[in-house]
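Engineer: Quick one: this structure, given as structure tokens, is what I'll be asking you about.
Protein chains in written order, with this note's numbering: chain A, 14 to 127; chain B, 154 to 267.
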């Protein structure tokens, strides 16, 4: 069965600092991997996704993530945090032939200090 | 933004009463999903639909039923609401269900069962 673990339910960084949000997954087949962002009182918005090909994936708002099969990881990074990055971030995994069902991690709330 | 609306956006109801939440899309996407979001659990799939009158259960389907009589509408019904169903409910849509396709999320419905 698929599962997703996000290390750290809350991460706090200073403005301008590196953002690193960790995601590890388990899957019996090559997975599809997603990062979503949720701003307060809103729905989820896709940041980026990995399906096949290049393992370093670039997304919106300067975020990127690297798929590392050997480590079963898909960590999200951004070189320099902005105040507007404060939100909750969700990692999710999907397998083919499963109706596109997403399995989500628990979420990581990112705070950005001025 | 994908054309997804949810109604109502907020609802307070009493234990034992029936409740129906509506998801409406204008994208003509085939797949529709209902998730619930709870602190510490991320989002969990309740039910999904892969076409008109075609539905299947998700991870947390007990106590919920769904119906889809038109492509654009996907209804979630709590036959007899319980306090454990207090949550934020999100609808999502996807053009295809092949796993690699991202899902687009609605704004959510906050349900409180007293």
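Note that beta-carbon positions come from the ideal geometry of N, C-alpha and C, so glycine has one too.
Rounded to whole angstroms, what is the Cα-Cα separation between residue 100 (chain A) and residue 51 (chain A)?
Structural biologist: Rounded to whole angstroms, residue 100 (chain A) to residue 51 (chain A) spans 6 Å at the Cα level.
Engineer: Spell out a yes or no on whether the segment 223–239 of chain B and the segment 166–181 of chain B are touching, meaning 3 or more CB-CB pairs, one atom from each, closer than 8 Å.
Structural biologist: A contact exists between the segment 223–239 of chain B and the segment 166–181 of chain B.
Engineer: Near residue 28 (chain A), what residues of its chain come up, given a Cβ to Cβ distance below 7 Å and the 5 sequence neighbours on each side ignored?
Structural biologist: Counting only Cβ-Cβ distances below 7 Å, and skipping sequence neighbours, we find 94, 95, 96, 125, 126, 127.
Engineer: What are the residues in the segment 49–69 of chain A lying within 7 Å of chain B by C-beta distance?
Structural biologist: Residues passing the 7 Å Cβ filter: 55, 56, 57, 59, 62, 64.
Engineer: Taking Cβ positions only, does residue 46 (chain A) come closer than 8 Å to chain B?
Structural biologist: Judged by the 8 Å Cβ criterion, residue 46 (chain A) is not in contact with chain B.
Engineer: Under 8 Å, with one C-beta from each stretch per pair, do the segment 61–71 of chain A and the segment 17–37 of chain A reach the 3-pair mark?
Structural biologist: With a cut-off of 8 Å, the segment 17–37 of chain A and the segment 61–71 of chain A do not count as touching, because too few Cβ pairs lie within range.
Engineer: Using three-state DSSP, classify residue 98 (chain A) as helix, strand or coil.
Structural biologist: Helix, per DSSP.
Engineer: Less than 8 Å between the C-beta atoms of residue 114 (chain A) and residue 201 (chain B), yes or no?
Structural biologist: Taking 8 Å as the Cβ cut-off, residue 114 (chain A) and residue 201 (chain B) qualify as a contacting pair.
Engineer: Short of 7 Å Cβ to Cβ, which residues in the segment 174–186 of chain B face chain A?
Structural biologist: From the segment 174–186 of chain B, only 184 have a Cβ closer than 7 Å to chain A.
Engineer: Which partner residues of residue 164 (chain B) appear in the DSSP bridge assignment?
Structural biologist: Partner(s): B:264.
Engineer: What does the alpha-carbon distance come out to for the pair residue 216 (chain B) and residue 31 (chain A)?
Structural biologist: Rounded to the nearest angstrom, the two C-alpha atoms are 43 Å apart.
Engineer: Tell me the rounded alpha-carbon separation between residue 108 (chain A) and residue 80 (chain A).
Structural biologist: If you take the alpha carbons of residue 108 (chain A) and residue 80 (chain A), they lie about 15 Å apart.
Engineer: From residue 218 (chain B) to residue 229 (chain B), what distance separates their C-alpha atoms?
Structural biologist: Distance between the alpha carbons of residue 218 (chain B) and residue 229 (chain B): 6 Å.
Engineer: Along chain A, in chain order, which residues have C-beta atoms closer than 8 Å to that of residue 243 (chain B)?
Structural biologist: Neighbours of residue 243 (chain B) on chain A, chain order: 56, 57.
Engineer: Taking all protein chains shown into account, decide if residue 209 (chain B) is buried (16 or more other Cβ within 10 angstroms of its Cβ) or exposed.
Structural biologist: That one is exposed.
Engineer: Return the bridge partner residues of residue 126 (chain A) from the DSSP annotation.
Structural biologist: Per DSSP, A:27.
Engineer: Quick one: which chain D residues come within Cβ less than 7 Å of residue 227 (chain B)?
Structural biologist: You won't find chain D in this structure, because its protein chains are A and B.
Engineer: Does residue 87 (chain A) have its Cβ less than 8 Å from a Cβ in chain B?
Structural biologist: No, no contact with chain B.
Engineer: From the DSSP output, in three-state form, read off residue 75 (chain A) for me.
Structural biologist: Correct three-state label for residue 75 (chain A): helix.
Engineer: So, is residue 160 (chain B) buried or exposed, given that buried needs 16 or more other C-beta atoms within 10 angstroms?
Structural biologist: It is exposed - the Cβ of residue 160 (chain B) has fewer than 16 other Cβ atoms within 10 Å.
Engineer: With 8 Å as the threshold, decide whether the Cβ of residue 254 (chain B) is near any Cβ in chain A.
Structural biologist: With 8 Å as the cut-off, residue 254 (chain B) counts as an interface residue toward chain A.
Engineer: Hey, quick one: how far does the beta strand (DSSP E) through residue 235 (chain B) stretch, first residue to last?
Structural biologist: Counting along the chain, residue 235 (chain B) falls outside any beta strand (DSSP E), and DSSP gives it neither H nor E.
Engineer: Helix, strand or coil: how does DSSP classify residue 83 (chain A) here?
Structural biologist: Helix.
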